[in-house]
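Participant:
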Amino acid sequence: MRIAFITDLHIGLEGEDTYGVDVRANFLNALETARAFNPDLMVLGGDLCYSEGDERVYHWVKARMDEQGIPYEVIGGNHDITALLAGVFYPHYTLYDNCLFFTREIGRRKLLFLDTVAGEISPTQMLWLEEQLASTSGELVVFMHHPPVLAGVPFMDQRYALVNWQEVWRLFLAFPFPIHIFTGHYHVDKVIRRQSVTVYLTPSCFFQIDPHAEPFKVDHYRIGFREIEWDAEGIMTTVRYL
Ligand SMILES: [Fe+2]
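The structure is reproduced here in structure tokens:
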């Protein structure tokens with residue numbers, strides 16, 4: 005199975021200045037390059053909107069995704085509003101704790117999609133996640149906007165880490181099978197591995213953050229997305245820069 009993971013689009017309203025970056029063109033470029041990877045599934049990793057969730061942006065993104073003719077899923081980030089995002093992409097889903105979280109089985113493989121829009125994993129979602137993990141025995145892939153662990157990026161770790169990351173991280177580490185967690189949010193390219201859990205942070209479609217700088221510093225404006233190949237041997241993944 006091939007998955008293209010595109011994250012942190014940060015698309016503004018029509019005509020809105022987004023720090024001089026043409027975020028719509030960036031997203032369309034990423035989409036076109038991702039298409040050439042022949043994915044079975046595309047995943048948008050949250051922060052679809054520039055600063056705050058807006059239905060107009062969600063409708064624009066949905067139209068672009070629908071044009072691809074490739075199955076896709078969407079999760080929210082801290083610059084989204086779950087109720088609006090779900091209203092456009094998942095109108096028939098029930099929200100719990102005002103969160104959108106769900107599972108997909110493709111072939112016999114299980115993928116989890118989590119909601120960290122509020123900067124945390126909500127109590128109901130935590131219980132659901134525990135149940136999902138407990139009922140899985142093979143390799144598992146998880147998509148969530150925030151990494152569930154500190155990532156050694158001082159600016160982001162100190163201000164914008166997942167609030168209850170310790171609780172969530174402890175839960176993931178409690179299971180012996182390989183868990184692959186794909187995230188955005190940090191605007192960096194990084195891999196963190198502890199025991200059987202691997203977290204893959206993916207660059208954004210907006211700008212990348214200097215992973216060593218404190219305070220904030222832009223590293224560069226080259227955008228990227230992640231190609232994921234998942235077969236019987238396991239996971240092979242690489243960041244594709246444009
Ligand atoms: Fe974010």
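Start counting the sequence shown at 5; every next residue gets the next number (my numbering).
Where a beta carbon is used, it is the ideal one built from N, C-alpha and C, also for glycine.
#1: Just to confirm, is the Cβ distance from GLU218 to PHE159 under 8 Å?
#2: Across which residues does DSSP place GLY238 in a beta bridge pair?
#3: For THR86 and TYR76, I'd like the C-alpha separation in whole angstroms.
#4: Quick check on the contact list: which residues have their beta carbon closer than 5 Å to a heavy atom of ligand 1?
#5: Output needed for ARG108: all residues of its chain with C-beta closer than 6 Å, excluding positions within five of it in sequence on either side, in chain order.
#6: Nearest to PHE211 by alpha carbon, out of PHE106, ASP223, LEU99?
#7: Suppose the cutoff is 6 Å on Cβ atoms and the five residues either side in sequence are ignored; what does the same chain contact list for TYR225 look like?
#8: Looking only at its own chain, which residues have a Cβ that is under 7 Å from the Cβ of THR22, when we skip the five neighbours before and after it?
#9: Just curious, the alpha helix (DSSP H) that LEU247 is in, first and last residue?
#10: Compare the beta carbon distance of LEU118 and MET69 with 8 Å and say whether it is the shorter of the two.
#11: Taking all protein chains shown into account, do 16 or more other C-beta atoms lie within 10 angstroms of the C-beta of PRO43, making it buried, or fewer, making it exposed?
#12: Suppose you measure from the CA of ARG6 to the CA of PHE220; what does that come to, to the nearest Å?
#13: Going by beta carbon distance, what residues of the same chain come within less than 6 Å of GLN199, once the five residues before and after it are set aside?
#14: Please check the pair ILE196 and ALA155, which I expect to be a contact at CB under 8 Å, by giving their CB distance rounded to whole angstroms.
#15: Of the residues ASN30, GLY19, PHE9, which one's Cα is nearest the Cα of CYS209?
#16: Among the residues of its own chain, which have a CB less than 6 Å from the CB of ILE239, if the five just before and after it don't count?
#17: List, from N- to C-terminal side, the alpha helix (DSSP H) runs of 4 residues or more that fit wholly inside the region 151-217.
#18: Note down, in chain order, each residue of its chain lying with its Cβ closer than 6 Å to the Cβ of ASP214, except the 5 sequence neighbours on either side.
#19: Confirm, please, whether the CB-CB distance from PHE41 to ALA8 is below 8 Å.
#20: In terms of residues, what are the limits of the alpha helix (DSSP H) holding PHE31?
#21: Where ASP193 and THR187 are concerned, what is the direct C-alpha to C-alpha distance, given to the nearest angstrom?
#22: Please classify ARG60: does DSSP put it in a helix, a strand, or coil?
Facilitator: In terms of the structure at hand:
#1: For this step, residue 218 is matched to residue 214 along the sequence shown. For this step, residue 159 is matched to residue 155 along the sequence shown. The answer is yes: Cβ separation under 8 Å.
#2: For the purposes of this step, residue 238 is identified with residue 234 of the sequence shown, where counting begins at 1. The partner list for GLY238 (beta bridge, DSSP) reads ASP235.
#3: Taking the first residue of the sequence shown as position 1, residue 86 is located at position 82. Taking the first residue of the sequence shown as position 1, residue 76 is located at position 72. Their backbone Cα atoms lie some 17 Å apart in a straight line.
#4: ASP51, GLY81, ASN82, HIS189
#5: In the sequence shown, counting from the first residue as 1, residue 108 sits at position 104. LEU115, listed in sequence order.
#6: On the sequence shown, position 207 is the one that residue 211 refers to. Answer by Cα proximity: ASP223.
#7: By one-based count along the sequence shown, residue 225 stands at place 221. Only PHE211 meet the Cβ criterion.
#8: Here residue 22 is taken as the residue at index 18 of the sequence shown, counted from 1. The residues are HIS14, GLY16, TYR54.
#9: Nothing can be reported for residue 247: it is not among the residues displayed for the chain, which extend from 5 to 246.
#10: The count along the sequence shown starts at 1 and reaches residue 118 at position 114. The count along the sequence shown starts at 1 and reaches residue 69 at position 65. No.
#11: Residue mapping note: residue 43 aligns to position 39 of the sequence shown, counting from 1. Buried, because 16 or more other Cβ atoms sit within 10 Å of the Cβ of PRO43.
#12: Against the sequence shown, residue 6 aligns to sequence position 2. Against the sequence shown, residue 220 aligns to sequence position 216. If you take the alpha carbons of ARG6 and PHE220, they lie about 34 Å apart.
#13: Taking the sequence shown and counting its residues from 1, the one referred to as residue 199 is at position 195. Contacts found: LEU177.
#14: The residue labelled residue 196 in the question sits at position 192 within the sequence shown. The residue labelled residue 155 in the question sits at position 151 within the sequence shown. Indeed they touch by this definition, with Cβ atoms about 6 Å apart.
#15: Numbered from 1 along the sequence shown, position 205 holds the residue referred to as residue 209. Checked all of ASN30, GLY19, PHE9; the closest Cα to CYS209 is ASN30.
#16: Taking the sequence shown and counting its residues from 1, one reaches residue 239 at position 235. Result list for ILE239: HIS184, in chain order.
#17: 158-164, 169-177
#18: Translated into the one-based positions of the sequence shown, residue 214 becomes position 210. Same-chain partners within the cutoff: LYS221, ASP223.
#19: Here residue 8 refers to the residue found at position 4 when the sequence shown is read from its first residue. Here residue 41 refers to the residue found at position 37 when the sequence shown is read from its first residue. Cβ atoms of ALA8 and PHE41: closer than 8 Å.
#20: As a working mapping, residue 31 is identified with position 27 in the sequence shown. PHE31 -> alpha helix (DSSP H) spans 27-40.
#21: Here residue 193 corresponds to residue number 189 of the sequence shown, with the count starting at 1. Here residue 187 corresponds to residue number 183 of the sequence shown, with the count starting at 1. C-alpha separation (whole angstroms): 10 Å.
#22: In the sequence shown, counting from the first residue as 1, residue 60 sits at position 56. Helix at ARG60.
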